[in-house]
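Notes follow the structure.
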Amino acid sequence: MPIELRDICKTFDNGLKALNHINLTIYQGELLVLVGPSGCGKSTLLRLLAGLDKPSSGDIVFAGEGVLNQAPQQRNVAMVFQNYALYPHKSVRENLLFPLVMQKLDKQAQQQRLNTVVQLLSLQSFLDQRPHQLSGGQKQRVAMGRALVREPRLFLLDEPLSNLDAKLRTQIRTEITALQKKINITTVYVTHDQVEAMTLGQRVAVLKDGELQQLDEPSVLYDKPATSFVANFIGNPGMNLIHATYNDQDMTAKIGQQYLSLKPCEMEYGESLHTSPGQELILGIRPEALNLNSKKAGLAVKVIAQENLGHENLIYIQFNDTGIQIESGDTIVARVKHEVQFEVGTDVHVTVDATKLHLFSKNGRRLSKL
Amino acid sequence: MPLNFKSNVIKFVRYSLIISATAIYLVPILYMLLGSFKPDDHVLSGIFNKLQYVAEHYSLQNFRDVFERVDFKRYLANSLIITGCVVFFGLVVNAMAGYALARFHWQGRKLTLTIILAIMIIPMEATAVPLFYQLSILGLRNTYVVQIIPFIANAFFIVLFYTYFLSLPKELEEAAYMDGASPWRTFLFIVLPNSKPVLASVAILSFLLQWGNYLWPLLMVSDENVRPLSLAISTFYTLPPLQWGDLFAFGVLMVLPVLIVFIVFQKWFVQGVVASSHKA
Amino acid sequence: MIQTLLPKHLVKTRTSVLMMIPAILLLIVFVGEPFILSIILSLTNLRLGSPLPMEFVGLQQYYEIFSDQAFQRAIVNNGIFALCVVPIQTVLALSLALLLNQKMYGRAMFRMLFFMPVIFPLSLVAVIWIIIFAPNPEGLFNDSLNALTLGHWQARDFLHNEYFALPAIMLTSIWQGVGFQMIVFLAALQAIPHQLYEAASIDGAKTWQQFWHITLPQLRYTVAYVVILTTILAFRLFDQVQIMTQGGPSNASTTIMFETVKSAFAQQQVAKAAAMTVVLFVIVLSLTGLQQKISKKVRI
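Chains as they are written, first to last, in the working numbering: chain A, 1 to 370; chain B, 1001 to 1280; chain C, 2001 to 2300.
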């Protein structure tokens, strides 16, 4: 029973266009992550699924049935809010029972559901406490419990880990993954943290400015980013993006005054390249694909800064050519083994394995087989 | 060493000031309290007259006199009923209005809000005269209803509720909707239980306002069966024979229930008063 | 601002209407309509029991009341009352609040004691002070003044004396009102962050300077609010006058509201009374507007 978002657009009263022709299908039992920077529309999308907002146009279909006219109460969708939204005046037990009381479930069924959820999330020890007495992690579990006690067909989580400290975050992340697999509930998870997205999601949807950039499994997002935005967004540090022009005669990319040879015949981007010679490109190179050397092999750059992370180093370099436009920031990042060190300010050279290049058109679309 | 001495002197001066200020300030209250136990001719016996401090003259006679001369219980009951109703229905009506203004979309919401803010300025006195005539013509003088209904809706309290509800995170209400609650149930079971501060403030302020309301009962009530305490004290004053002791006893009786409530709910009283100043 | 509203489709219009209706109806019937009627009536010559038909006379009523000696006196009295009571009460309340604004034993108790008169109905307070102002030498006030002046005080009947009547009412009102203001000031004082004082003392400011440069500026809004509120109440003065002096002797202590009630009920002059309440409203409106202006100006 898939859940479909069909051509969803949402413009707010103040003119803000939050979502722009979103098409998305969520499969039964999967954990789909919506990720993107602030303002990309991911929370808006979640709220549309919940029924807390209505789209300006488009349709939302649950298992073939349009739900646009159904109130949240009717959709059997449950949500964990970013700030948990636990009822402060009720005990944990009462919080968990509230949705069941609203549904007018009989006492026995209520107790049964309550026990299931308590077991599932280990809530026994603080059932009679009030939310303000609980730690962040505990509140989180109660919020999930309140959502799951309704046995919903869709489970929504709105940045549930953003209020927790780093250590707790990783711990609860694994708990959530295990939980979702165990009860096999269709889940949509919203986060701005791409690490979270990559580790949690079975599929990940990357959103930017209200548009769906790419929806794929994490590994595909990493290996074959569909847009330059995705390429830079995923990964830490993200992919370097450099503007260049394609030179058809010698099959090179002209970066400033320097040339980088491409291998269009071997790479999937080959065909697109040939069809439009002289076009402007964006070259994408992952930090780990850059090889720095002092032997004058490759492109000439200067070391701007260096970060020693213990197990590896990050070296920030820049072309001496001031005309080169770097899309991904002020500098290019190279990831090297921790033995490799350079003095800041030195001139070095960098080589790139052409097979590890990602090519994008000037407006960010991936160049691939036509 | 001198520093310590100086601060102690300051402390001493401070305490002395406070205690003397309090003592002087409380004289009227003490006067009333003592006077209620004294025989009538001793009440006005000068502050240095030793006679008045002789305990054997003290008695509960004045209190008995009050009950004999007038139906005090009736007056108390009237005040309680009237004030209680105004406070209770006021909470309901004003809270609902404040909530609808704070949370719901409806046509004319902004306009209504502006008008209510404007109405806040209109003092009760500006409407008393026409209301008096209109309600008298309707034959509503000397009823409970006429002392209750006009005071239930209060623009100022609506604004207090409005401001408070705005400050509540609306996620709580959204969570309730997701849990299957209707707007009414959300309001009753989720919003109100989390609005105790404003409910207390409004209840207290409303109580204070209504308990001492004098002008309105003066205009609308001549029958002592529905006369509230605030009016009763002044009619008792004009009731011959004029006996100071009895008057003081009446005052003590009148203030006792409120005083007890006040001492118990002190914190809320203070909060209510402060809340009214914050809105400004 | 719209962000605080719930999504539109979640709540039916019917629910919103049902929630608003009681308050709106009551406000229209008991505030809106009478108020408008007041204004309309003030433009007529309505006098109950008069054989003549009612007719519109424009601003005639206003000319009349402003030429009425009693009403003129009333406005003056209200003004004097405000000019005296507001500063005295405010300074007293502020002083008390400053005294109490320390960690000290029994602060809550003192606070409660000062606040007590506020919960006394004004009518009761009036009666108590009538007794205090008793004209015989044994009356509390006379006796105390006698003691203070070491026997040189002549007992007076304050409430029936044209010079002492209004001041007597002022004293009564101040006594009743100080507690309320004090609580407001105390809360405001406690809201001033401690660090400001600490920073100031490090900067070398003495106690008085700290008061002048930190405490007072921080209290600006509160003082403005309290002053305006008390002033407005000063113009609405009624209860004490009705009970203690009935406006006398010879209008020495009459007020706008007292004249209004007198016109409406003793004299059946409905239109005249309506005009007076409109005047009162205009005064209150101006004062409120003044407060809004001050609040905005103070916000730097």
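Just so it is clear, CB atoms sit at the ideal spot from N, CA and C, and this is done for glycine as well.
**OP:** Pull up the distance between the alpha-carbon of B:Ile1122 and that of C:Leu2026, whole angstroms please.
**Re:** 15 Å
Original post:
Any C-beta of chain B sitting closer than 8 Å to the C-beta of A:Phe98?
Top reply: yes
**OP:** Can you say whether C:Arg1955 is buried or exposed, counting buried as having 16 or more other CB atoms within 10 angstroms of its CB?
**Re:** With chain C represented from 2001 up to 2300, any question about residue 1955 of chain C goes unanswered, as that position is not in the structure.
**OP:** Give the residues from the region 2090–2123 of chain C that approach chain B closer than 8 Å (Cβ to any Cβ), ordered along the chain.
**Re:** Leu2096, Leu2099, Leu2100, Gln2102, Met2104, Ala2108, Phe2110, Arg2111, Met2112, Leu2113, Phe2114, Phe2115, Met2116, Pro2117, Val2118, Ile2119, Phe2120, Pro2121, Leu2122 and Ser2123
Original post:
Quick one: is A:Gly364 buried, meaning 16 or more other Cβ sit within 10 Å of its Cβ, or exposed?
Top reply: buried
Subject >> Where the alpha helix (DSSP H) through C:Arg2220 begins and ends >> reply: Leu2216 to Phe2235
Subject >> Span of the beta strand (DSSP E) around A:Leu299 >> reply: Leu299 to Asn308
Subject >> Min CB distance C:Pro2022 to chain A below 8 Å >> reply: no
Original post:
Secondary structure at C:Cys2084, three-state DSSP: helix, strand or coil?
Top reply: helix
**OP:** Reducing DSSP to helix, strand and coil, say where B:Gln1266 ends up.
**Re:** helix
Original post:
Of all the CB atoms in chain B, is at least one closer than 8 Å to the CB of C:Trp2129?
Top reply: yes
Original post:
Would you say B:Asn1266 faces chain C, with C-beta separation under 8 Å as the test?
Top reply: According to the sequence provided, residue 1266 of chain B is Gln. The question's Asn does not apply to it. Cβ-Cβ to chain C under 8 Å: yes for B:Gln1266.
Subject >> Segment contact, 8 Å Cβ cut-off, at least three pairs: the region 1211–1220 of chain B with the region 2116–2131 of chain C >> reply: yes
Subject >> N-terminal and C-terminal residue of the alpha helix (DSSP H) that A:Lys181 is part of >> reply: Ala166 to Ile183
Original post:
Helix or strand or just coil, what does DSSP make of C:Met2104?
Top reply: coil
**OP:** Please list the residues of the region 2170–2181 of chain C that have a C-beta atom closer than 8 Å to any C-beta atom in chain B, keeping them in chain order.
**Re:** Trp2175, Val2178 and Phe2180
**OP:** Output, in chain order, the set of chain A residues within a Cβ distance shorter than 7 Å of B:Gly1180.
**Re:** Gln73, Pro99, Met102 and Gln103
Original post:
Got a sec: which bits of the region 1143–1172 of chain B sit with their beta carbon under 8 Å from any beta carbon on chain A, in order along the chain?
Top reply: Pro1169, Glu1171 and Leu1172
Original post:
Taking C-alpha atoms, which residue in C:Phe2056, C:Ile2028 and C:Leu2052 lies nearest to C:Ile2040?
Top reply: C:Phe2056
**OP:** Could you have a look at B:Ser1222 and say whether DSSP puts it in helix, strand or coil?
**Re:** coil
**OP:** Locate the beta strand (DSSP E) running through A:Asp216, then write down its first and last residues.
**Re:** Glu211 to Asp216
Original post:
Roughly how many angstroms separate the alpha carbons of C:Ser2201 and A:Gly235, rounded to a whole number?
Top reply: 53 Å
Subject >> Same chain only: Cβ atoms within 6 Å of A:Gln279, ignoring 5 sequence neighbours per side >> reply: Tyr246
Original post:
Is the CB of A:Met79 under 8 Å away from at least one CB in chain B?
Top reply: yes
Original post:
Touching or not, the region 1259–1275 of chain B and the region 1057–1068 of chain B, by the rule of three or more beta carbon pairs under 8 Å?
Top reply: no
**OP:** Would you please state the rounded distance, in angstroms, between the beta carbons of A:Met251 and A:Ile285? I believe it to be under 8 Å.
**Re:** That belief does not hold up - the Cβ atoms of A:Met251 and A:Ile285 are roughly 17 Å apart, past 8 Å.
**OP:** Give a yes or no on whether the minimum CB-CB distance between A:Asn83 and chain D is below 8 Å.
**Re:** Protein chains A, B and C are contained in the structure displayed, whereas chain D is not.
Subject >> Residues of the region 36–67 of chain A with Cβ closer than 7 Å to any Cβ of chain B, in chain order >> reply: Ala50 and Leu52
Original post:
With a cut-off of 8 Å, does the C-beta of A:His89 fall near any C-beta of chain B?
Top reply: yes
**OP:** Enumerate, from N- to C-terminal direction, the unbroken beta strand (DSSP E) stretches of 3 or more residues contained entirely within the region 3–45 of chain A.
**Re:** 3–11, 17–26 and 31–35
Original post:
Which residues in chain C sit within 7 Å of B:Ala1194, going by Cβ to Cβ distance?
Top reply: Sequence check: residue 1194 of chain B is Asn here, not Ala. Under the 7 Å cutoff, chain C gives no residues; its nearest Cβ is about 15 Å from B:Asn1194.
Original post:
In the DSSP assignment, what residue or residues form a beta bridge with A:Met79?
Top reply: A:Leu156
Original post:
Should C:Gln2158 go down as buried or exposed, given a rule of 16 or more other Cβ atoms within 10 Å for buried?
Top reply: In the sequence as presented, Gln is not what sits at residue 2158 of chain C; that position holds Phe. C:Phe2158 is buried by the Cβ-count criterion.
**OP:** Would you tell me roughly how many angstroms separate the C-alpha atoms of A:Ser38 and A:Lys17, rounded to the nearest one?
**Re:** 14 Å
Original post:
Going by other Cβ atoms of all chains shown within 10 Å of its Cβ, with 16 needed for buried, is C:Arg2299 buried or exposed?
Top reply: Confidence is the limiting factor: at C:Arg2299 the pLDDT is only 45, short of 50, which leaves the residue's position unreliable and the question unanswerable from this model.
**OP:** Identify whether A:Asp59 lies in helix, strand or coil by the three-state DSSP scheme.
**Re:** strand
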